[in-house]
Amino acid sequence: MDFSRYNQAEQAQINAMIEHKQMKDFLRLYSNLVQRCFDDCANDFTTKSITGKEETCINKCADKFLKHSERVGARFAELSQQVIIIKL
Amino acid sequence: MSFFGGNAMQSQQAVNPQNIAMAEQELEMVTDLFNRIVDSCYTKCISKEYQQNDLTQGESVCIDRCVSKFFDVNTKVGEKMQQMGQQNMPK
Chain A
1 MDFSRYNQAE
11 QAQINAMIEH
21 KQMKDFLRLY
31 SNLVQRCFDD
41 CANDFTTKSI
51 TGKEETCINK
61 CADKFLKHSE
71 RVGARFAELS
81 QQVIIIKL
Chain B
1 MSFFGGNAMQ
11 SQQAVNPQNI
21 AMAEQELEMV
31 TDLFNRIVDS
41 CYTKCISKEY
51 QQNDLTQGES
61 VCIDRCVSKF
71 FDVNTKVGEK
81 MQQMGQQNMP
91 K
């Protein structure tokens with residue numbers, strides 16, 4: 001996304017907007033991840049607290065998803081660049 | 001009245017709300033696209049067994065291909081819709 005066609009005041013406002021959206025996105029990521037790991041891992045209701053097995057599962061779940069998200073982000077950035085170059 | 005010694009083109013510091021709205025829309029689109037790719041490719045590539053903390057080699061390759069395919073599908077569907085739009089025009 002190229003913002004050089006906007007003037008300085010607009011760019012400042014856009015940057016503030018981007019920051020706001022990034023925070024919103026981060027919170028969404030967090031609640032999404034909690035949901036996902038709970039659905040996939042927390043299946044033993046014979047006890048109130050998280051079992052060791054569940055805890056390991058949750059660690060792996062969170063790690064995996066975050067690494068996955070990171071990798072998708074990297075590929076996404078690469079491919080978006082390519083698309084922009086082709087359009088030019 | 002310009003305090004900025006530099007670029008004359010940018011000395012008008014008026015904010016055009018339409019530009020902001022446009023930028024916001026573009027950002028929304030990109031963010032939405034990204035989130036959908038993350039969700040779809042997670043479902044398609046990563047098993048729920050959670051054997052280990054890291055991505056396996058297979059999963060990594062799958063993710064790369066998944067993102068690439070998603071973009072291709074995105075482009076193709078866009079072209080198709082453009083085609084259909086043009087077909088509906090000469091009436």
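Protein chains in written order, with the UniProt record's numbering: chain A, 1 to 88; chain B, 1 to 91.
Cβ coordinates follow ideal geometry from the N, Cα and C atoms, glycine included.
Taking the C-beta atoms as reference points, residue 55 (chain B) is found nearer than 8 Å to residue 71 (chain A). Contact annotation: residue 33 (chain A) and residue 76 (chain A) have beta-carbon atoms that are not nearer than 8 Å. In this structure, the CA atom of residue 51 (chain B) is about 8 Å from the CA atom of residue 60 (chain A).
Interface annotation, residue 69 (chain A): in contact with chain B, CB-CB separation under 8 Å. A Cβ of chain B is located within less than 8 Å of the beta carbon of residue 59 (chain A). Residues of the region 6 to 19 of chain A with a C-beta atom less than 8 Å from some C-beta of chain B are 6, 7, 8, 9, 10, 13, 14, 17 and 18, listed in chain order.
When DSSP states are grouped into helix, strand and coil, residue 71 (chain B) belongs to the helix group. Residue 63 (chain A) belongs to the set of residues whose beta carbon lies under 8 Å from a beta carbon in chain B. Look at residue 48 (chain B) here: in three-state DSSP terms it is coil, with no helix or strand label.
For the pair residue 10 (chain A) and residue 23 (chain A), the Cα-to-Cα distance works out to about 20 Å.
In this chain, residue 89 (chain B) is not harboured by any alpha helix (DSSP H), its DSSP state being neither H nor E.
Counting along the chain, the unbroken alpha helix (DSSP H) around residue 16 (chain A) starts and ends at 8 to 41. The beta carbons of residue 13 (chain B) and residue 15 (chain A) sit about 15 Å from each other, so the pair does not count as a contact at 8 Å. Linking residue 43 (chain A) to residue 58 (chain B) through their CA atoms gives a straight-line distance of about 27 Å. At a cut-off of 8 Å between C-beta atoms, residue 52 (chain B) counts as an interface residue with respect to chain A. With a threshold of 8 Å between beta carbons, residue 41 (chain B) makes contact with chain A.
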